[in-house]
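Chains as they are written, first to last, in our numbering: chain D, 54 to 170; chain C, 86 to 192. Even glycine gets a Cβ: it sits at the ideal position worked out from N, Cα and C.
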């Protein structure tokens, strides 16, 4: 069974940084692209970016490229999202998802990030 | 960026009815489109990929089609568990983009 478990969320002050993790199990992690998607409260889905199997290709949505960094550790079966210069607009549920040729067939349960002083 | 214009924003239908949700791409996305269902408090679930291929385990009352840059999700024989928000997503070109969502209420 594919399992994706996000962690690292919580309350963070504006301007600070936060790093999310996504622990993967139940599949061969290093065979798949992995992505991050977020959802602000009561809003739609926003694609953040994705990373290929060996981290040689990482794509981001342009508006987040300078503040978010996606990485992975295939030895630890873990995906990461490093977020910096956080603002209130970054308050959202953050999902990691397993890529399947561009669509996402498996999602984590999501982790809440609240940016507030 | 490719814009995905999704409609309607919301709709209400009765049990057993058929509904259609549409997404219009701002340019050709060559069938690189997925549909997701999201229930309140839950993660999105993939229903359809490559515009018309049914994800494993998804009931056959869900179907996808395309006409040019217009993509449609049809749900036949509506059931109570279909109450959810539905999103389309293009994965033809980066950055990938989602439609704004359609909230389906079952009367």
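Under a 10 Å Cβ-count criterion, residue 55(D) is classified as exposed, with fewer than 16 other Cβ atoms of the shown protein chains found around its own Cβ. DSSP, read as helix, strand or coil, puts residue 190(C) in strand.
Secondary structure of residue 112(D) (DSSP, three-state): strand. The alpha helix (DSSP H) runs lying completely inside the region 91-136 of chain D and spanning 4 residues or more number zero. According to DSSP, residue pairing for residue 183(C) in a beta bridge involves 174(C). Across the set 165(C), 177(C) and 120(C), the C-alpha of 120(C) shows the shortest separation from the C-alpha of residue 187(C). Of the candidates 123(C), 145(C), 124(C) and 164(C), the residue whose Cα lies closest to the Cα of residue 101(C) is 164(C).
Using a Cβ-Cβ cut-off of 9 Å, residue 183(C) is close to 90, 97, 98, 99 and 100 of chain D, given in chain order. Taken through DSSP and simplified to helix, strand or coil, residue 102(C) comes out as coil. Separation of residue 114(C) and residue 92(C) (C-alpha to C-alpha, rounded to the nearest whole angstrom) is 18 Å. Spatial neighbours of residue 167(C) in its own chain (CB-CB distance under 7 Å, excluding positions within 5 residues in sequence) are listed in chain order as 160, 189 and 191. With a threshold of 16 other beta carbon atoms within 10 Å, residue 155(D) meets it and is buried.
A direct Cα-to-Cα measurement between residue 117(C) and residue 154(C) gives close to 11 Å. In the three-state reduction of the DSSP assignment, residue 82(D) falls in the helix class.
Non-local beta-carbon contacts of residue 112(D) in its own chain, meaning distances under 7 Å to residues more than five positions away in sequence, involve 102 and 103 in chain order.
By the Cβ criterion, the region 64-78 of chain D is in contact with the region 133-151 of chain D, since at least three pairs of Cβ atoms, one from each stretch, lie closer than 8 Å. Only 170, 172, 174, 175, 176 and 177 from the region 166-178 of chain C bring a Cβ to less than 9 Å from some Cβ of chain D.
The residue from 78(D), 97(D), 64(D) and 132(D) with its alpha-carbon nearest to that of residue 86(D) is 132(D). Sorting 141(D), 120(D) and 130(D) by C-alpha distance to the C-alpha of residue 84(D) places 130(D) at the top. Contacts between residue 160(D) and chain C, judged by CB atoms closer than 7 Å, involve 128 and 129 in chain order.
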